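One structure is given below, encoded as structure tokens.
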Amino acid sequence: MDSLQWLINLFTNNESVAHIAMLYAIVIATGVYLGKIKVFGISLGVTFVLFAGIVAGHIGFTAPTPILTFIQDFGLILFVFMIGLQVGPGFFESFGKAGIKLNGLASTAILLNILVMFACYYIFFDTSDKTTLPMMVGTLYGAVTNTPGLGAANEALTSVFGSNAPQIASAYACAYPLGVLGIIGAIILIRYICKVKFEEEEAELEAQANSNVAKKPHRMHLEVSNKYLEGKTLLQVHDFLNRDFVCSRILHEGHVSIPNRNTVFHVGDQLYIVCAESDYEAIVAFIGPVIEVNWEQQDQPLVSKRILVTNPKVNGKTLGGLHFSSVHGVNVTRVTRHGMDIFASASLPLQVGDRIMVVGPEDAVDRVANYMGNSIKRLDAPNIATIFVGIFVGIIFGSIPFIPGMPLMKLGIAGGPLIIAILIGRYGYKVKLVTYTTTSANMMLREIGLVLFLASVGIKAGANFVDTVMEGDGLLYVLTGFLITIIPILIVGPIARLRFKFNYFTIAGMIAGTYTDPPALAYSNSICSKEAPAVGYSTVYPLSMFLRIFTAQIIVLFFCS
Numbered sequence: 305m306d307s308l309q310w311l312i313n314l315f316t317n318n319e320s321v322a323h324i325a326m327l328y329a330i331v332i333a334t335g336v337y338l339g340k341i342k343v344f345g346i347s348l349g350v351t352f353v354l355f356a357g358i359v360a361g362h363i364g365f366t367a368p369t370p371i372l373t374f375i376q377d378f379g380l381i382l383f384v385f386m387i388g389l390q391v392g393p394g395f396f397e398s399f400g401k402a403g404i405k406l407n408g409l410a411s412t413a414i415l416l417n418i419l420v421m422f423a424c425y426y427i428f429f430d431t432s433d434k435t436t437l438p439m440m441v442g443t444l445y446g447a448v449t450n451t452p453g454l455g456a457a458n459e460a461l462t463s464v465f466g467s468n469a470p471q472i473a474s475a476y477a478c479a480y481p482l483g484v485l486g487i488i489g490a491i492i493l494i495r496y497i498c499k500v501k502f503e504e505e506e507a508e509l510e511a512q513a514n515s516n517v518a519k520k521p522h523r524m525h526l527e528v529s530n531k532y533l534e535g536k537t538l539l540q541v542h543d544f545l546n547r548d549f550v551c552s553r554i555l556h557e558g559h560v561s562i563p564n565r566n567t568v569f570h571v572g573d574q575l576y577i578v579c580a581e582s583d584y585e586a587i588v589a590f591i592g593p594v595i596e597v598n599w600e601q602q603d604q605p606l607v608s609k610r611i612l613v614t615n616p617k618v619n620g621k622t623l624g625g626l627h628f629s630s631v632h633g634v635n636v637t638r639v640t641r642h643g644m645d646i647f648a649s650a651s652l653p654l655q656v657g658d659r660i661m662v663v664g665p666e667d668a669v670d671r672v673a674n675y676m677g678n679s680i681k682r683l684d685a686p687n688i689a690t691i692f693v694g695i696f697v698g699i700i701f702g703s704i705p706f707i708p709g710m711p712l713m714k715l716g717i718a719g720g721p722l723i724i725a726i727l728i729g730r731y732g733y734k735v736k737l738v739t740y741t742t743t744s745a746n747m748m749l750r751e752i753g754l755v756l757f758l759a760s761v762g763i764k765a766g767a768n769f770v771d772t773v774m775e776g777d778g779l780l781y782v783l784t785g786f787l788i789t790i791i792p793i794l795i796v797g798p799i800a801r802l803r804f805k806f807n808y809f810t811i812a813g814m815i816a817g818t819y820t821d822p823p824a825l826a827y828s829n830s831i832c833s834k835e836a837p838a839v840g841y842s843t844v845y846p847l848s849m850f851l852r853i854f855t856a857q858i859i860v861l862f863f864c865s
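Going letter by letter, the sequence shown gives residues 305 to 865 in the working numbering.
What follows is the structure, encoded as structure tokens:
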């Protein structure tokens, strides 16, 4: 028996580091494997880690609460930060087009959550009991899976009731599991209500990406036929036309060369032009017709080469500021970023991880390649410093109260890092932060953060979950929580689809962000190969988090006092 004592201690000694590590390993592995099982073609994926954690907590396989809380919060920070870093480069463009509508829909859903809560309170409960409404507030925040809102409500209740404040966390625990399932279930139900086909939604997202003609490069061969251009330099033509374009080659009197700003145009010259697709018609009308050109005649061999930007010193510098034509004797015709071709305008800042198409003499192109870095090995090394600098700044930002005198009015440890990650992803190059992370590295860190968060929440909720549900009004809290969860989604979701014509995957991300629910986002990401769910989530998350926390305090201070 003594020989097995080490094994017994491993499972029973909650303070042991080995026990805690084993707890998370078992819960996460079990949840991930069970999450792959499909029922009616639907699987919950890593979301099942939450329920594996509840079972572990219920049978007493747990860890000290402070450790569970730390791992939960750290996992959430890591998860939302990596999301923000990924969507940051395209976040503001997306917000400008559809963000106001998405945030309006999210705000409507939050208001409906509160209205349904009050309706359930007056229909199902004894309103003469002063503790009932605070418990309904706990149910509300379990139903919308918003832990910071629960914390804000708890703080406000303490200021109202003092040490006798109702323990609303039990109502939160009752509503939370069905809240997670209800959000995902309602997202699935919207698919059938609106007769959505995933293939068509994916094709629509692809079409939207391809329709970004303002930045998409257009390549063409032109012959100079405008007599006004005779004797004019490339710079003069560029300034007069007031359109951004790159002339990468010119065929003059049988010889091909790389033009620069001082190259003189003559009628009959043949040009290789790259411009933004939205500008090509104006450029053709001004310079001359589109033709076929044989570029074989040239004074020296010209090559086209894709070069990978890996030199941190280049990060954030504009193409115009690097003087490719005048200094290096080459031209950059387009830039590939995150799998998309972008027109190489002079004002475009380069970022580590970009691929640039360079045209010029072979030796000059090789010199540019050396200067740009062009080393895939450099990108294999993760930029860990940028991640933790961002998390540090994000936690400080999330801890700043928005309204003086109301210390609970802040974005918290999730909202702060998310916003800072978005800003770093978009503008990090301006402060010399290298934000490039491979997709696989981003996904790995994101998934690790998510499963740590889900496992911790499940283990903590599992300890008293069954007793809470079966005693008193527990089952009624479960029912009302489920109604609070799904009714607003089933109202707002179809409106977003049928009235505003949003893509289904964007709607799924918007709903997950409105409910600040990482499991719903994980499900939405699992059914879509694009970034639409993550963009929808991040677009509404900051305002939704603020409104959840703000309304928690308003409800308690104005209705529970």
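For glycine and all other residues, C-beta sits at the position ideal for the given N, C-alpha and C. Nothing here was measured: the structure is a model prediction, and the numbers come from that model.
In the DSSP assignment, Arg-641 falls within the unbroken beta strand (DSSP E) covering 635-641.
Take the alpha-carbon of Gly-797 and the one of Gly-624: they are about 45 Å apart. Beta-bridge pairing by DSSP links Asp-548 to no other residue. Remark: C-beta atoms of Leu-612 and Arg-659 approach each other more closely than 7 Å. Within the same chain, no residue comes within 8 Å of Asn-468 by CB-CB distance, once the 5 residues on both sides are set aside.
By the neighbour-count definition (other C-beta atoms within 10 Å, threshold 16), Leu-308 is an exposed residue.
Taking C-beta atoms under 8 Å as the contact rule, Val-663 and Thr-637 qualify, at a distance of about 6 Å.
Residue state for Leu-654 is assigned as coil, using DSSP reduced to three classes. For Leu-754 against Pro-822, the beta-carbon gap comes to about 6 Å, under 8 Å, which counts as contact. When only Cα atoms are considered, Leu-415 and Cys-551 end up about 55 Å apart. According to the DSSP secondary-structure assignment, Phe-647 is paired through a beta bridge with Arg-638. Checking the DSSP bridge columns, you'll see Ser-561 partnered with Ile-554. A Cβ-Cβ separation of about 6 Å places Val-761 in contact with Gln-376 under the 8 Å criterion. Residue burial is scored here from C-beta neighbours: Leu-847 has at least 16 other C-beta atoms within 10 angstroms and is therefore classed as buried. With respect to Gly-592, Val-528 sits close: the two C-beta atoms are nearer than 7 Å. Bridge pairing for Ser-608: Val-663 [DSSP].
CA-to-CA, the gap between Gly-442 and Ile-717 works out to about 20 Å.
Comparing alpha carbon positions, the residue from Leu-311, Lys-340 and Leu-485 closest to Met-326 is Leu-311.
With a beta-carbon spacing of about 54 Å, Thr-820 and Asn-564 fall beyond the 8 Å limit used to define contacts. Counting only the Cα atoms, Gln-574 lies some 44 Å from Ile-726. Burial of Ser-828 is indicated by the presence of at least 16 other C-beta atoms within 10 angstroms of its C-beta.
DSSP, reduced to helix, strand and coil, places Pro-370 within a helical segment of the structure shown. Distance between Thr-567 and Leu-526, taken at the CA atoms: about 16 Å. Counted as a single uninterrupted DSSP element, the beta strand (DSSP E) harbouring Leu-526 occupies residues 521-527. The beta carbon of Ile-752 lies closer than 8 Å to those of Gly-379 and Leu-382 in the same chain, with the five residues before and after it left out. Counting along the chain, Ile-752 sits inside the alpha helix (DSSP H) bounded by residues 743-766. Per DSSP, the unbroken beta strand (DSSP E) holding Ala-580 starts and ends at 574-580. Secondary structure of Gly-677 (DSSP, three-state): strand. When C-alpha distances from Met-439 are compared across Ile-427, Asn-458 and Pro-452, the shortest belongs to Asn-458.
Each of Glu-596, Lys-609, Ala-650 and Ser-629 was checked against the Cα of Gly-620, and the nearest Cα belongs to Ala-650.
A straight-line Cα-Cα distance of about 10 Å links Phe-429 and Thr-784.
Partner residues in the beta bridge of Thr-622, as assigned by DSSP, are Pro-653. Assigned with DSSP and collapsed to three states, Val-568 falls in strand. Per the C-alpha coordinates, the member of Val-839, Tyr-845, Arg-803 and Thr-789 positioned closest to Ile-491 is Thr-789. Counting other Cβ atoms within 10 Å of its Cβ, Thr-739 reaches 16 or more and is therefore classed as buried.
For the beta strand (DSSP E) assignment, the segment 403-488 encloses no uninterrupted run of at least 3 residues.
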